[in-house]
Amino acid sequence: LGVKDKDSVEKYLDNNPQVAKDYFDKKIRAEALTAAFSQTVDVKDTASFKDVNAIQEATIIFELVKELQKVENMEKSLHKVLQRVALILQADRVGFFQCRSRNGIPELSSSLFDVTPTSKFESNLVNPQAEIVFPLDMGIVGHTANSKKPQNVPDVTKNPKFSDFVDKQTGYKTKCMLTFPLMAEKECLGVVMMLNKIGADAFTAEDEKVNRDASWVPILCFQVLLWSASKVFEELTDIERQFHKALYTVRTYLQCERYSVGLLDMTKEKEFYDEWPIKLGDVEPYKGPKTPDGREIIFYKIIDYLLEAKEEIKVIPGPPADHWALISGLPTYVAENGFVSAEEWPLREAVDETGFVIKNVLSLPIVNKKEEIVGIATFFNRKDGKPFDEHDEQITEALTQFLGWSVLNCDTYDRLNRMEYRKDIAQEMLMYQSKCTPAELQSILNTKEKFDAEPEDCDQKEMYKLLVCADQMKIAESLHPQSMKPLYSFAFSDFPVSEFGLIKAGIRMFFELGVVEKFKVPAETLVRWMYTVRKGYRAITYHNWRHGFNVGHTMFCLLQTGKLRKYYSDLDAFAMVAAAFCHDIDHRGTNNLYQTKSASPLAKLHGSSIMERHHLEYSKTLMGEECLNIFCNLQKRQFENVQHLFDVCIIATDLALYFKKRTMFQNIVNATEPMTDEKEATAYISNNSIRKEIVMYVAMMMTGCDLSAITKPWEVQSKVALMVAAEFWEQGDLERSVLDQQPIPMMDRNCAEQLPKMQCGFIDFVCSFVYKEFSRFHKEIQPMFDGLNNNRAHWNELAEVYNAKMKAIEDEKKRLEEEEAKKAGGGEVGKSKTCTIS
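Quick note on this note's numbering: the sequence shown kicks off at 540 and runs consecutively.
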């Protein structure tokens, strides 16, 4: 050039920028640029910002490329981009609003808010529950998305489109605003919003030009597209659909003419019958390449995306080995080694009917979170004709990471589906084993003998008559009049009655309530439900069908004999008695604490009231079976009310809840006790749904029913107490053998002699409050409180015998100790052997 001094060189390069560009492109290696831009530019002096803006912009580009290589969510990467935007434009705050559609209506939602160059990602990321959402026809940001054009507003108060509702929510004062849309072809992906220019009253035309011409905008768009793609992957669906969505979303940013995805067979071991021909020598063993984890490289599907001319997607299941996408061997090589590979294509001929000619190829592995290669992504022909370079590898590798994550989502979805299928199969097996069989149905509802027909072919009214008459007759035969009280008595004992007789007694109670005909319960459905509930109880020591029946019977007595029916509707009574029968269905003989200590599946499924929630789920499962749903003819709102009452009644049997809430019932009793007018007291409860539930829930009704064995005649209650204790001791044995823990005295069979004392404590601490308050609430329930007190007196007598025995043992032990001390001392107790005082 003949130019020797530095100033002349700089002047020449300023006047001939293309020469400078060509020179640096040719002479300066990528490593030098990397070193130059690896440090973030710290701009402290805003006056000198124009001088370093180009360097800062280049740094942003380089940092963005680095961010794409990091295995972290796109929100964080986008946040870092917005921090650089805030720095470049000297904006006080930057935000990003994402465009989306709900129910076909487009809207904007705040994704990142109040971003500054130094703000933390966690504080800027908007929680879905706190996001700001508004339509596209609202505010300057909405206008930006709608018009798809940037907006520079020097004074927001003078702009009619400005909406201050965000300022009111956040307390921030917006003065000026600059917004620009992020576009993918004709689609608006979102809007970047910059607020309040630092050091100036408004954003300048130069700021607009930076946004319009800056080379980082396409990368920002690509980042948003990847974020959108990652959101797509949150919808668990099949892998093919996942890839379609993700690749279609980012297709405009992949500078290639065609790409394909080959999906690998994930089978690691062959079926035993597939091994037979190989072991017999009839088939040659596989000798081809394998993946790093030992799988045979078999592409079971290829998804082919043609981007030139008319866009087209082809799916090739079971592609042959000589398929044009595989014949080069490059996808197989990448699947075998896990390396990224790029090659020039030597054969310049059409590969298919479209006339497509391959010039260069880039293949990358798709790896899931388990580090398994699940597929190969292959990109063909850069649009500018040049070979694929390192930048292409970085962009495509970021994309394949998302594809790998989507595969994991699909695997998770598949596992969840399989679990759901197994659950359905297990439930069907359970129903088959526990459901009332046709023979069991005929043992109670004998339509074949009476009408020579199946139940579904008989008239309901005739079956009602048959059921009630047969029920009364057979119950009369099974219950000896001298051995028990009638069903309306609180003193009813189930001991003389067979379990089969209890099923019929339960059916009779529904007829006594008058709910069968009123709610059109099919006779065969009622019998099936009652029989199935009985079969749902396990053959354990105490929490078996007899206990379930007794709780249902006590609920019936409280409503009928205890005169509590007046507070509830017929539907309430129907649901309450049905829930009481089901309240301990499928009990395992162990309490909630044991479930938690043993980390049982039930404890993992239900966080609190573990067994109660299981009983409730089981009960609702029965409702879900059409042939077992005794509420099948209710209207939708009535059925929802029944389900709510089941929730209330069954969860109420958790004594932990009873202790927390029982004072609420006491307050109701205190309020109604002074009321002399019965109608006033009835209205006070029945007209208030919450008070009705408190009487039923905290009340006390379910708690009183569940503990009702403690109020039975002594000859009944003493036997029941031994059954309860035996079941507790069985749990104590499990705690010793399985959990390697020492059980509490109540669960310890070695403390069996303390049973009377523990019974007195149980009555005083738990039971007395329930029945005392009930007797105050309704005098008709006084017999239960009297029975409780009578049983306590019996247990107290036994406890005194035990205490006397223990006292005698202690006295004898003390006497023996004193004698031993005297012998050891050789005389008076406590006298010194070496020193005496005269």
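Virtual Cβ for every residue (Gly too), placed ideally from N, Cα, C.
From a predicted model like this one, the values you see are computed outputs, not experimental measurements.
- Assigned with DSSP and collapsed to three states, ASP1216 falls in coil, not helix or strand.
- Measuring C-alpha to C-alpha distances from TYR798 to each of LEU865, PRO828, LYS829, TYR839 identifies LEU865 as the nearest.
- For the options PRO904, ASN555, CYS1188, ASP653, the alpha carbon positioned closest to that of THR939 is the one of PRO904.
- Just measuring C-alpha positions, the residue of GLU661, MET1115, LEU651, GLU1212 sitting nearest ILE671 is LEU651.
- Scanning MET722, MET716, LYS725 for the CA closest to the CA of ASP746 turns up MET716.
- Nearest to ALA1248 by alpha-carbon distance, out of PRO824, PHE1324, LYS1353, is PHE1324.
- Within the segment 871–930, the runs of beta strand (DSSP E) that reach at least 3 residues and sit entirely inside it are, in chain order, 880–883, 899–906, 912–921.
- Secondary structure at VAL800: strand, using DSSP grouped into helix, strand and coil.
- Residue state for ALA741 is assigned as coil, using DSSP reduced to three classes.
- Distance check between ALA1191 and each of THR1215, ALA1220, SER1228, CYS1244 places CYS1244 closest, using alpha-carbon atoms only.
- Here the C-alpha atom of THR709 lies approximately 39 Å from the C-alpha atom of GLN933.
- Close CB contacts of LEU1052 within its chain, under the 8 Å cut and outside five residues either way in sequence, are with PHE1095, LEU1098, GLN1099, ASP1109, ALA1112, PHE1113, VAL1116 (chain order).
- Around the CB of GLY1326, 16 or more other CB atoms lie within 10 Å, so the residue is classed as buried.
- Here the alpha carbon of GLN966 sits roughly 20 Å from the alpha carbon of ALA1078.
- For LYS736, no alpha helix (DSSP H) run applies; the uninterrupted beta strand (DSSP E) run containing it begins and ends at 726–736, by DSSP.
- In this structure ARG1176 is exposed. Its beta-carbon is surrounded by fewer than 16 other beta-carbon atoms within 10 angstroms.
- According to the DSSP assignment, PHE1313 belongs to the alpha helix (DSSP H) that extends over 1307–1316.
- Residue burial is scored here from C-beta neighbours: ASN1289 has fewer than 16 other C-beta atoms within 10 angstroms and is therefore classed as exposed.
- Secondary structure of THR1242 (DSSP, three-state): helix.
- Under the DSSP assignment, PRO977 falls in the alpha helix (DSSP H) whose first and last residues are 977–983.
- Counting only the Cα atoms, MET1150 lies some 10 Å from ILE1189.
- Just measuring C-alpha positions, the residue of LEU1196, ILE1224, PRO689, TRP884 sitting nearest ASN1206 is ILE1224.
- Judged by DSSP secondary structure, PHE1178 falls within the alpha helix (DSSP H) whose first and last residues are 1175–1190.
- Using a Cβ distance threshold of 9 Å, ALA1118 and SER1158 count as a contacting pair.
- Straight through space, the alpha carbons of GLU661 and ILE1124 are spaced by roughly 47 Å.
- For ILE841 and PRO859, the gap between their C-alpha atoms comes out near 10 Å.
- In the DSSP assignment, LEU717 falls within the beta strand (DSSP E) that extends over 716–723.
- When Cβ pairs closer than 8 Å are counted between the two stretches, the segment 1291–1310 is seen to touch the segment 1249–1260, the count reaching three or more.
- Boundaries of the beta strand (DSSP E) around GLU851: 851–856.
- By the C-beta density criterion, LEU647 is buried, having at least 16 other C-beta atoms within 10 angstroms.
- Residue range 1321–1364 is occupied by the alpha helix (DSSP H) that includes ASN1328, with no beta strand (DSSP E) assigned at that position.
- For PRO994, the three-state secondary structure derived from DSSP is helix.
- Beyond the five residues adjoining it in sequence on each side, PRO1284 comes within less than 8 Å, by CB distance, of CYS1290, GLN1293, MET1297 in the same chain, given in chain order.
- Distance between SER1307 and GLU1319, taken at the CA atoms: about 17 Å.
- Take the alpha-carbon of VAL1181 and the one of ALA1210: they are about 28 Å apart.
- As summarised for the segment 673–721, the continuous alpha helix (DSSP H) elements at least 4 residues long and confined to that stretch are 678–686, 704–709, given in chain order.
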